[in-house]
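Chemist:
There are 2 protein chains.
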Amino acid sequence: AIVEAVRAELSSGPLSGRRIVVTSGPTHEPIDPVRYIANRSSGAQGTAIARALAALGAEVVFVTGPADVPPPEGVEVVQVQTARQMLEAVEAALPADAAVFAAAVADWRVSSESGSKIKKQPGGVLPVMEFAENPDILAGVSQMKEGRPGLVVGFAAETDDVLAHATAKRARKGCDWIVANDVSPATGIMGGTENAVVLISDAGAEEWPRMGKDEVARRLATKISGALAG
Amino acid sequence: AIVEAVRAELSSGPLSGRRIVVTSGPTHEPIDPVRYIANRSSGAQGTAIARALAALGAEVVFVTGPADVPPPEGVEVVQVQTARQMLEAVEAALPADAAVFAAAVADWRVSSESGSKIKKQPGGVLPVMEFAENPDILAGVSQMKEGRPGLVVGFAAETDDVLAHATAKRARKGCDWIVANDVSPATGIMGGTENAVVLISDAGAEEWPRMGKDEVARRLATKISGALAG
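Sequence lines, in order, name chains A and B.
Okay, so the first sequence: first residue is 1077 according to this note's numbering, each after it adds one.
Okay, so the second sequence: first residue is 1077 according to this note's numbering, each after it adds one.
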């Protein structure tokens, strides 16, 4: 009843009636039943964005990998492990007015995944792992011929040449905005509570000062709200 | 003051005056600043064992990888990421009366670790990863010529032929006991609250019924206490 009361109140927000898909967290790509490859991501920024969008009245579908932080209240949560599962969940959540791809999706999976635990070999013989490219969710949705969300926002976590890499990524993927940040260990952004991002769009690059991840989320949600209204 | 009061009370337990090293959780082996290889381990069983040993009065050094569950109170906590860091922390914690190696240590690390984020290559070209064998902490400590803990307990998380694999592991590593379990996804043990273990020692294999991880920990702590007293 409380949830419904809150929802009723929220339905008066500027994003009321808008459906937005948000991905968040890492993906885990299995090597065998006990080992996996992962991307570092606490899920903090994606979770904050989903919460901020919901606070503006949006109907949010939150597709999340195994994150450190709990998912936000008041949104539809879909929990996945792998990039392929994330793609399926995103496709199932469409159509939507906007999509925000904040998840740190593994670019590669292990194509030689073993159903039983790989045993250590005597004599220091190392396992052979074969990799395959994972589906590119951001590019796939950005380049949809039909039913593409009106606004597609990607993220670029970089450790060097942030602006150049992120600008190239935006062009390559075909998304509308890229939220780029420098996740070098020295910045303390990964796993921390603050973020320093550059928002790249048709209008160029807009550098935001370092601020809390919640504040980044509120600013981004307000900007999305403006774009969808415009 | 509360901690000291509790500690004073505990100092009367059967493990009072005994120093025990416990490892727990997974290790994370970096591929680059944003990607890593990990073993699945919540750290629940290792944490419960450290707590149970401390409850019997032991001085516990708890060396833990990035676990899902918080470390126990009243023990010395050393947090590490990689297998090599775990080995260093264990060596620094010795000498000890007993060592319980409950961590799920990655057998391999990526020797081609990159200091900057590996970029996805156009045309589906896949990254080449080179692996190296990690140090074998259980075997290393079990086979110490001088200063070996009086009791060394290893763990064997298996997905098939549990008893055979675990018995072979005990002989190969040179540890005193192996706590073996079946972590096949169907058992629900990995990430769950229960465990079903077989304790393998000189006396043969002792199969314990499925019970809570806390109860497994208490039984094991009592058994360790008996062995150190004997």
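Each residue gets a CB set at the ideal place from its N, CA and C atoms; glycine is no exception.
#1: Measure the alpha-carbon distance for B/MET1220 versus B/LEU1163 and round it to whole angstroms.
#2: Residues in the stretch 1242-1267 of chain B with C-beta within 8 Å of chain A's C-beta atoms, listed in sequence order?
#3: Listed in chain order, which residues of the stretch 1169-1187 of chain B have Cβ atoms closer than 8 Å to some Cβ of chain A?
#4: Straight-line CA distance for A/LEU1275 to A/PRO1285?
#5: Kindly indicate the opening and closing residues of the beta strand (DSSP E) around A/LEU1170.
#6: Which chain A residues are close to B/ARG1111, counting only those with a beta carbon under 8 Å from its beta carbon?
#7: Taking any Cβ of chain D, which residues in the stretch 1207-1230 of chain A have a Cβ under 9 Å from it, in chain order?
#8: Going straight from the alpha carbon of A/TRP1253 to that of B/VAL1204, what length do you get?
#9: Assign A/GLU1234 to buried or exposed, taking buried as 16 or more other Cβ atoms, counted over all protein chains shown, within 10 Å of its Cβ.
#10: In the stretch 1114-1144 of chain B, which residue ranges form an unbroken alpha helix (DSSP H) of at least 4 residues, counting only runs that do not cross its ends?
#11: Use the C-beta contact count for A/ASP1258: other C-beta atoms within 10 angstroms, 16 or more gives buried, fewer gives exposed.
#12: State the CB to CB distance for the pair B/GLN1121 and B/ALA1293, rounded to an integer number of angstroms; the pair is presumed to be in contact (CB under 8 Å).
#13: Closer than 7 Å by beta-carbon distance: list the chain A residues that pair up with B/SER1192, in chain order.
#14: Applying the 10 Å Cβ sphere with the 16-neighbour rule, what's the burial state of B/THR1103?
#15: Mapping DSSP to helix, strand and coil, what is A/GLY1302?
#16: Quick one: Cα of A/LEU1132 to Cα of B/VAL1154, how far?
#17: Taking just the CA atoms, how far does A/ALA1169 sit from A/SER1277?
#18: Do you know how far the Cα of A/GLY1288 is from the Cα of A/ALA1270?
#19: Report the neighbours of A/MET1205 on chain B: residues whose CB is nearer than 9 Å to its CB, in chain order.
#20: Within the 7 Å Cβ cut-off, does B/LEU1304 reach chain A?
#21: Does DSSP classify B/SER1100 as helix, strand or coil?
Modeler: From the atom records:
#1: 13 Å
#2: For the stretch 1242-1267 of chain B, the set of positions with a beta-carbon nearer than 8 Å to some beta-carbon of chain A reads VAL1259, SER1260, PRO1261, MET1266 in chain order.
#3: ALA1180, ALA1182, ASP1183, TRP1184
#4: 11 Å
#5: Note, A/LEU1170: premise wrong, no beta strand (DSSP E); not H, not E.
#6: Contact note: B/ARG1111 reaches chain A through ILE1113, ALA1114, ASN1115, ARG1116, ALA1182, using a C-beta cutoff of 8 Å and chain order.
#7: The displayed structure is made up of protein chains A and B, and chain D is not among them.
#8: 31 Å
#9: buried
#10: DSSP runs (the alpha helix (DSSP H)) wholly in the stretch 1114-1144 of chain B: 1120-1131.
#11: buried
#12: 7 Å
#13: THR1235, ASP1236
#14: Residue environment: B/THR1103 is assigned as buried (16 or more neighbouring CB atoms within 10 Å of its CB, all protein chains considered).
#15: helix
#16: 43 Å
#17: A straight-line Cα-Cα distance of about 25 Å links A/SER1277 and A/ALA1169.
#18: According to the sequence shown, residue 1270 of chain A is Glu rather than Ala. Distance between the alpha carbons of A/GLU1270 and A/GLY1288 is about 4 Å.
#19: MET1205, PHE1207
#20: no
#21: Strand.
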